[in-house]
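Here the structure is laid out as structure tokens; the discussion comes afterwards.
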Amino acid sequence: MKDQPRNIDWVPTLRQAEFLSSDAYEALYGGAAGGGKSEALLAGALRFVHEPSFRGLILRRNYPDLERSLIERSRMLYRASCPGAEYNEAKRVWRFPSGAAIYFGHLEHEKDKYAYQSAEFAYLAFDELTHFSETQYAYMLSRARSSTGLPVFVRAATNPGGDGHAWVMRRWAPWLDPSSEVQAEPSEPLHYRNGDDGEEWLGTHTDDPRALSRVFIAAKVTDNPYLIGNDPTYVERLRGLDPLTRAQLLDGNWLAQAGAGILFKPAWFPIVDAVPSADQIVGRVRYWDRAATGEEDIVRSGRDADYTVGVRLARSKDGVYYLEDVVRFRGRPHEVMARIQHTASLDGHAVQVGLEQDPAQAGQFEIAVYMRALSGYSIRKHRPTGDKVTRAKPASAQSEAGNVKLLRGAWNRAFLGELEAFPDGAHDDQVDAFSGGFTVLAEPPPKIAADLDRWMPLMPKARWASLGAKKQAPRPLRAPPPVAGFHPYRRAR
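Quick note: to get my numbering, add 1 to the position in the sequence shown (first position is 1).
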């Protein structure tokens, strides 16, 4: 089946053209930010829309990303490329005058793959492949088939990083991993067979009619002149990322992984003898990463337990962050609360108290206890998102840029040592507290304060008393305003 050229009001880059013209069964495109990955996947689906039996499926891991990155762009590309094509919003499908169709879908949950159990697609595409699990990808390959004689193509685009980084790199190891036993030239397809012991690479040429083919086509932002022309500062913004993310997104480095000395280096932190005057400081916070382990627990268990750490940071008007002090200790829950209260009294009311909040109900109760115990102080609740490395990246980027300074103190050496060893070190409590405090200072405070009086009385007394709160009677709930003609004890007629 010979594909026909389309009148597309879109000119691909050289790398995109290479990707679109590939006849390999599996093709991975990109490997860095800004290479035009989503557009390449969308354009690739148009290759056989003149065939009535053609069905294509383009996937993203979740629906918001699907709508924002693919569906919205398809409205511009497909309407301009194929007059008469219509999009069905409810079914998320483009239908073409020939009868061909291109569907959009997502696999937010592992079980979502079974929604395609009886489907067949001659074109199957994954945007941001490292966001998918290996089992999702493997199952969906069984849906890449054609009962009408159309050639079948599996296409994917992605950046390094993400939960699926390891399996994607392993699948395309000849192009991405220099230590792979089998090596391929850039953009050179390799043939393979699936055997009982896994994949068997057959080389660049084979006479085996059952062999499949795979290729990786690299593309970086420097390969996309349209993006650079429309957004000339994009490359500079990529350079401002933390070292790990910059290596992955700007350089397309698949070997860049979080390790000791990657996210933080002691040389990035100038040590100063004083911080700017109070009129030059726009915010201060003491952020706590709490643990609940006493020294007796360490002796009993024999393990090196976590510390409770409180890092005090200040932010100046010129955007420089100052680490002023670190408190680090182990203690039982009541000892932790008492130490946090004492530290708050030493810091004064001008210093906000940052507390990490577990989204679970128990975490909400615990935060409420601390807010009552720290009554009179400005409390900043913070719900961290992502893993520890992800949370540390903003602080890492600013540290490398020289925008984080340390006030000279006895805590400097231990603090810098833990940062340099992150995430491979024995402890990361100081890193977590630093990351949390940095985030709190960098983001604006919430506009609405929590109304504790509405739900604090609902907390069991034993709960907040055991955590060290003052044993005082909870305030009663305020009675609702009277309603005309209503009496709470009068039976309605």
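Glycine included, every Cβ here is placed at the ideal spot set by N, Cα and C.
Of the residues assessed, phenylalanine 330 falls on the exposed side of the cut-off, its CB having fewer than 16 other CB atoms within 10 angstroms.
It is roughly 12 Å from the alpha-carbon of leucine 256 to the alpha-carbon of valine 169.
For valine 312 and asparagine 231, the gap between their C-alpha atoms comes out near 42 Å. Membership of tyrosine 104 in the beta strand (DSSP E) is indicated by the continuous run 102 to 107.
Between aspartate 274 and arginine 409, the beta carbon gap of about 5 Å places them in contact (Cβ cut-off 8 Å). With fewer than 16 other Cβ atoms inside 10 Å of its own Cβ, methionine 77 counts as exposed.
Per DSSP, the beta bridge partners of glycine 284 are Arg316. Leaving aside the five residues that flank tryptophan 173 on each side, the residues in its chain whose CB is nearer than 8 Å to its CB run, in chain order, Leu29, Arg215 and Phe217. With respect to phenylalanine 133, arginine 62 sits close: the two C-beta atoms are nearer than 7 Å. In the three-state reduction of the DSSP assignment, glutamate 201 falls in the strand class, which pools E and B. The beta-bridge partner set that DSSP reports for serine 400 is empty.
Checking the DSSP bridge columns, you'll see valine 310 partnered with Asp290 and Arg329. The beta carbon of glutamine 431 sits closer than 6 Å to the beta carbons of Val310, Phe416 and Glu419 from its chain, once the five residues preceding and following it are set aside; these are given in chain order. The distance from the Cβ of phenylalanine 423 to that of phenylalanine 265 is about 6 Å, consistent with a contact at the 8 Å cut-off. Inter-residue distance for histidine 383 and serine 376 is about 18 Å (C-alpha atoms, whole angstroms). In this structure, Gly253 is the residue among Gly253, Val276, Arg373 and Ala443 with its C-alpha nearest to the C-alpha of alanine 34. The segment 16 to 25 and the segment 33 to 52 touch, with three or more beta-carbon pairs separated by less than 8 Å.
When the Cα atoms are used, lysine 112 and tyrosine 138 turn out to be separated by approximately 12 Å.
Beta-carbon to beta-carbon, leucine 314 and leucine 213 are separated by about 54 Å, too far to satisfy the 8 Å threshold.
Distance from the CA of leucine 58 to the CA of serine 148, rounded to the nearest whole angstrom, comes to 16 Å. In the displayed model, leucine 356 falls within a strand according to three-state DSSP.
The segment 203 to 212 and the segment 352 to 371 do not touch, with fewer than three beta-carbon pairs separated by less than 8 Å. For the pair serine 54 and serine 82, the Cα-to-Cα distance works out to about 19 Å.
One alpha carbon belongs to tryptophan 95, the other to valine 352, and they sit about 56 Å apart. Per DSSP, the beta-bridge partners of threonine 159 are Gly31. Boundaries of the beta strand (DSSP E) around glutamate 87: 87 to 89.
Annotation for tryptophan 168: the continuous alpha helix (DSSP H) segment containing it runs 166 to 172. About 13 Å separates the beta carbons of glutamate 357 and aspartate 307, which is beyond the 8 Å limit, so they are not a contact pair.
Straight-line spacing of the CA atoms in glycine 403 and serine 436 works out to 16 Å.
Classified as buried, serine 400 has 16 or more neighbouring CB atoms from the shown chains inside 10 Å of its CB. Residue pairing by DSSP puts alanine 219 in a beta bridge opposite Gly31. Under the criterion of beta carbons closer than 8 Å, serine 188 and aspartate 128 do not qualify as touching, at roughly 20 Å.
Looking at the DSSP output, histidine 383 sits in a beta bridge with Glu357. Beta bridge pairing from DSSP links lysine 112 with no other residue.
In this structure, DSSP gives aspartate 128 an extended state, which the three-state scheme calls strand. Annotation: the continuous alpha helix (DSSP H) that includes isoleucine 341 extends over 334 to 348.
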